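**Q**
Numbering (the numbering used here), first residue to last: 1 to 134.
1) Can we say the segment 61-77 touches the segment 12-26, given the rule of at least three CB pairs closer than 8 Å?
2) So, with DSSP's three-state summary, where would you put residue 117?
3) Using a Cβ-Cβ cutoff of less than 7 Å, which residues in the same chain neighbour residue 116 once the five nearest sequence positions on both sides are dropped?
4) Considering residue 74, what are the terminal residues of the beta strand (DSSP E) in which it resides?
5) Using a 10 Å radius around the Cβ and a threshold of 16 neighbouring Cβ atoms, would you call residue 77 buried or exposed?
6) Since residue 108 sits in a beta bridge, which residues does DSSP pair it with?
7) Quick one: Cα of residue 7 to Cα of residue 87, how far?
8) If I'm right that residue 121 touches residue 41 with Cβ under 8 Å, what's the distance once you round it to whole angstroms?
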């Protein structure tokens, strides 16, 4: 069982992903803005110790700090840079926004969530487990 943090401002999509991930045996935490995601990751000064997720599912377009900014901050902090990031977006080519500046572990178009979420998450988590053991 992995702990997965979903950062997306679409409550219907968040509930759909949460239900799917919980049915697959994962623990899910949710937030609706980039700023809230940073708080849950302990990257805001007022936060103490927090339970870091095994995976962050990150929307690109959110209020109070977009996904690109959140991804950049996560990768710049030693305690969070190891967390895999799966970007979900309705944009046709979100990878152009991230390019080489922010390393992410996968991209998923929101139109393919139902078919691709669980296999994509499993693949990312399996890769991380393999890398950790190596």
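Each residue gets a CB set at the ideal place from its N, CA and C atoms; glycine is no exception.
Note that the structure is predicted; figures quoted are calculated from it, not measured.
**A** With the structure as the only source:
1) no
2) helix
3) 108
4) Run containing residue 74: none in the beta strand (DSSP E); it sits in the alpha helix (DSSP H), 67-76.
5) exposed
6) 88
7) 10 Å
8) Not quite, the Cβ-Cβ distance comes to about 18 Å (not below 8 Å), so this is no contact.
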